[in-house]
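Data block below; observations after.
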Amino acid sequence: MNTAEHPAASAQTAQTPAPPDRLEPMVRIRGVHKRFDKVEVLRGVDLDVQPNTTTCLLGPSGSGKTTLLRCINHLERVDAGQIFVDGHQVGYTARGGKLHEQSDKEIAAARRRTGMVFQQFNLFPHRTALENVMEGPVRVLRQDKHEARTRATQLLEQVGLGERMHHYPTNLSGGQQQRVGIARALAMDPKVLLFDEPTSALDPELVGEVLDVIRCLDGRTMIIVTHEIGFARECADTIVFMDGGSVLEQGSPQDVLNNPKSPRTENFLRRVL
Amino acid sequence: MTILAQTPAVEEPLPVARKAHPGRWLAAVVLALAVALLARSLVTNPNMQWGVVAHYTFNSIILQGLLVTIELSVICQAFAMIIGVLVAALVQSANPILRGISAVYVWFFRATPLLVQLIFWYNLALLFPHLSLGIPFTGMSESWPMNALISGYTAAVLGLSLNDGAYMAEIVRGGLLAVPPGQVEAAQSIGMRRLKILTRVTLPQAVKTMIPPTGNQFINLVKSTSLVSVIGGGELLTNAQNIYSQNFKVIPLLMVAAIWYLVLMAILSTAQYYLERWVAKDQPAAHRPSLRTRLATMIRQKERA
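Protein chains in written order, with my numbering: chain A, 871 to 1143; chain B, 63 to 367.
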């Protein structure tokens, strides 16, 4: 974890004395299978994500990384397997040897534990930046409007958009929209932040501003699907390499990026680096 | 040498001359003349009896009819919008029976002529002489004679609402389809549930694409209320007909009705324009020009065409 530049984050880590291997994983994925018609996109994925760590999912297109991420907040149904966030099962309840999909209410409650940042931003176009960030706290968490506004303003200032919070998404650049998207996810105080290729839809000169914001969130539990290998090397605590619907290898950036064990990882890295 | 000297080093860019369109102008003059002649023959035609038109324009019976026309239109449009949202929600249901029922509703009411539907509702008593409401297996029930319930007015409300509702269902469905699926996912990701996603995220965005077709639909509905005259609905055309059936001033009274329909349409079109402008408030200013610039663009486009 690159904490040297972020005193706040390092202080937080210092307050957690338990060694990482004894912590209950924040996200626990067990034997997840998923198929779209005839294509099996996930072939039994197992993965643990420790609290307060950054995990980057790498892999070629079609390797299932985005699908896996979308299963974690049940935007995608699974065909088999279980996912737990903060000890709560997501989307299904095991009963009588089978998984039963939860009610709309239970699924919504499970999704509140995760925040998601989308590749295409998906801001609500009919609401200003501030209203986008306030929507969840006010309408879902039933927070007081004034409190929510104060907090949303803080978050927008944190992502460098204090000046533009009354703008509608169409009047914001892609980088600015994505930073609003991050603030919207943060406003729900999620246990885990999920990023689905957060910079892939951006013009090259706007990628940096979004990555800078994500870098400042170090110390939270984050799972990031990305093609930015440099960013992953710098910020990830764990790199997970996926191919063909399964996890091929995982480990520290040094291990996976510098000394890949699998020839497929090596091959992929040779092509993108 | 002299030639070179005459060509300056830095030349002014040549301006483009306006292209002449003699044929287009000729057509415009001929057409304008024809329109002027037609207008003159209408205006100066003694059978138009403009004095009678003026006399009846603000006649209390006519104004009473105008009020009923407005009332019918507003009530039926309100019912149609409720029906539209409900049916559009059913069409999206995962249950094939619910989907089938809503599809048959839309098909039936769009496939049969409105006039047939209106006459049918008016004569409902021939099919069901009594309307009975009761709780099954309890013996508790109440019954009313259908003829007392169905007047020209209630038949009009029933017929127009159900017919317009079928069209509104298609408009709402189209509007909801136009909202990108990422919007639903974003709403789900912040923990919203189905009903809240509909009311806070998808419907508000669908409304924007729904306004132009809904405006057309409402304008159609206002004019369709005139069909109610066949069952004596008491609206503008019925009352105009009642007057001319007594004094035989057919053309002047039809003119009075036409004038009021034109006035209503002018008001509605303007209202629709401002409504569209208001819902486009999240668009950059260039995408919502003022009425004047929009008219200017329209005229320019017509000129070019």
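Note that beta-carbon positions come from the ideal geometry of N, C-alpha and C, so glycine has one too.
- Among the residues of chain B, those whose CB is under 7 Å from the CB of A:Q990 are G244, following chain order.
- Considering only beta carbons, the part of the stretch 247-259 of chain B lying closer than 7 Å to chain A consists of E247, A248, Q250, S251, I252, G253, M254, R255, R256, K258, in chain order.
- When DSSP states are grouped into helix, strand and coil, A:R898 belongs to the strand group.
- Listed in chain order, the non-local C-beta contacts of A:R1085 below 7 Å within the same chain comprise C1105, local neighbours out to five positions each way being set aside.
- The beta carbon of A:L1139 sits closer than 8 Å to those of I1099, L1127, P1130, all from its chain and outside the five residues before and after it, given in chain order.
- DSSP, read as helix, strand or coil, puts B:T300 in helix.
- Cβ-Cβ distances below 7 Å link B:C138 to V219, L222, S223, D226, L283 in the same chain, with the five nearest sequence neighbours on each side left out; the list follows chain order.
- In this structure, the beta-carbon distance from B:V292 to B:I181 falls below 9 Å.
- Here B:V149 is buried: its Cβ has 16 or more other Cβ atoms, across all protein chains shown, within 10 Å.
- Assignment of B:L193 by DSSP, reduced to helix, strand and coil, places it in the strand class.
- For chain A, none of the residues of the stretch 92-112 of chain B brings a beta carbon within less than 7 Å of one of its beta carbons.
- The beta carbon of A:M1058 sits closer than 8 Å to those of R982, G985, G1006, P1007, V1010, L1011, all from its chain and outside the five residues before and after it, given in chain order.
- Between B:Q267 and the set B:L188, B:E232, B:Q245, B:S194, the nearest pair of CA atoms involves B:Q245.
- Sixteen is the threshold: since fewer than 16 other Cβ atoms of the shown chains lie within 10 Å of the Cβ of B:W169, the residue is exposed.
- Scanning its chain for C-beta atoms nearer than 8 Å, with the 5 sequence neighbours on each side dropped, one finds around A:T1135 the residues F1111, D1113, L1118, E1119, V1126, in chain order.
- Taking all protein chains shown into account, A:D1066 has 16 or more neighbouring C-beta atoms within 10 Å of its C-beta and is therefore buried.
- Exclusion of the five residues before and after B:T131 leaves T287, E297, L298 as the residues of its chain whose Cβ lies within less than 6 Å of its Cβ.
- Residues of the same chain with a CB within less than 7 Å of the CB of B:M202, apart from the 5 flanking positions on each side, are G196 in chain order.
- For A:R913, the enclosing beta strand (DSSP E) covers residues 909-919.
- For B:P75, the secondary structure class from DSSP, reduced to helix, strand or coil, is coil.
- With a contact defined as Cβ atoms closer than 8 Å, A:D1073 and B:R256 miss out at about 36 Å.
- Not one beta carbon of chain B lies nearer than 9 Å to the beta carbon of A:G1045.
- When DSSP assignments are scanned along the stretch 1079-1127 of chain A, the uninterrupted stretches of alpha helix (DSSP H) that are 4 or more residues long and fall wholly within it turn out to be 1099-1105.
- Between the beta-carbon of A:L945 and that of A:V915 there is about 16 Å, and that puts the pair past the 8 Å contact cut.
- At least one beta carbon of chain A lies nearer than 9 Å to the beta carbon of B:V263.
- The alpha helix (DSSP H) runs of length 4 or more contained entirely in the stretch 927-972 of chain A are, from start to end of the chain, 935-942.
- DSSP places A:E1027 in the helix class (H, G or I) of the three-state scheme.
- The C-beta of B:D226 comes no closer than 9 Å to any C-beta of chain A.
- Looking from the CA of A:R1049, the closest CA among A:V1062, A:L1026, A:H1036, A:I942 belongs to A:L1026.
- The count of Cβ pairs closer than 8 Å, one atom from the stretch 1028-1043 of chain A and one from the stretch 990-1003 of chain A, reaches three, so the stretches are in contact.
- Against chain A, the beta carbon of B:P266 has neighbours under 7 Å at H996, listed in chain order.
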